[in-house]
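Engineer: Please find one structure pasted underneath; my questions will follow.
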Amino acid sequence: MKKLWILGSALLLVGCSTATTYHARNFMGEGYGDYRLSVDRFTVTFRANEHTGPEDVRKYALRRASEVATNYGYRYFIVEEERDLTRISTVKSKEERMTAFLDLLEDKQEPQKKVIEKEREVVRPAMELMIRCFHDKPSAKVIDAYQFLAYQAS
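Written out as structure tokens, the structure is:
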């Protein structure tokens, strides 16, 4: 039982320290989401953890936009609006360390506890795309959803 608990804890820690992959939104709020605004307009979001780069977040958001377009029978889409939803937070932590005779000037005979306070900034990238879909190619700045998905698969 103890080995199983240790193995489970190790897997949990490993899982928490990896970049967000492409998947539907999970209980942590990471992944993609989308909703329909009108017949041919949609909002697509992708949220990631601090181990995921902003370029991957944009790629995943565009991938989901391509899937949404093709799922509703459209071939092309344009990004009408792009919003950066990145969250930046500060995480504080304390660590206690035992010091063994480090302060010889004060002639301390016993190990002392030293509390180290740490502070780090955590950046969780996220993006929202407002897209408009088309059956026929309307302009040169349009994204071909089928080609985008084919390129991502290779």
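Position in the sequence shown (from 1) plus 24 gives the number in our numbering. All C-beta atoms in this analysis are idealised placements derived from N, C-alpha and C, irrespective of residue type, glycine included.
Rounded to whole angstroms, what's the CA-CA distance from A93 to E74? Just pull it up for me.
Structural biologist: Near 29 Å, if we compare the C-alpha coordinates of E74 and A93.
Engineer: If you measure between the beta carbons of T114 and R148, is that distance less than 8 Å?
Structural biologist: It is not a contact, given that the beta carbons lie outside the stated cut-off.
Engineer: First and last residue of the beta strand (DSSP E) that includes E106?
Structural biologist: Run containing E106: 100-108, per the beta strand (DSSP E) assignment.
Engineer: Give me the Cβ distance between L153 and V103, rounded to the nearest whole Å; I'm assuming they're in contact under 8 Å.
Structural biologist: L153 to V103, Cβ: 5 Å. Contact.
Engineer: From this set, Y100, E106, T44, T69, which residue's C-alpha is nearest T76's C-alpha?
Structural biologist: Of the candidates Y100, E106, T44, T69, the one whose C-alpha sits nearest the C-alpha of T76 is T44.
Engineer: In the structure shown, what three-state DSSP assignment does E91 receive?
Structural biologist: It is helical.
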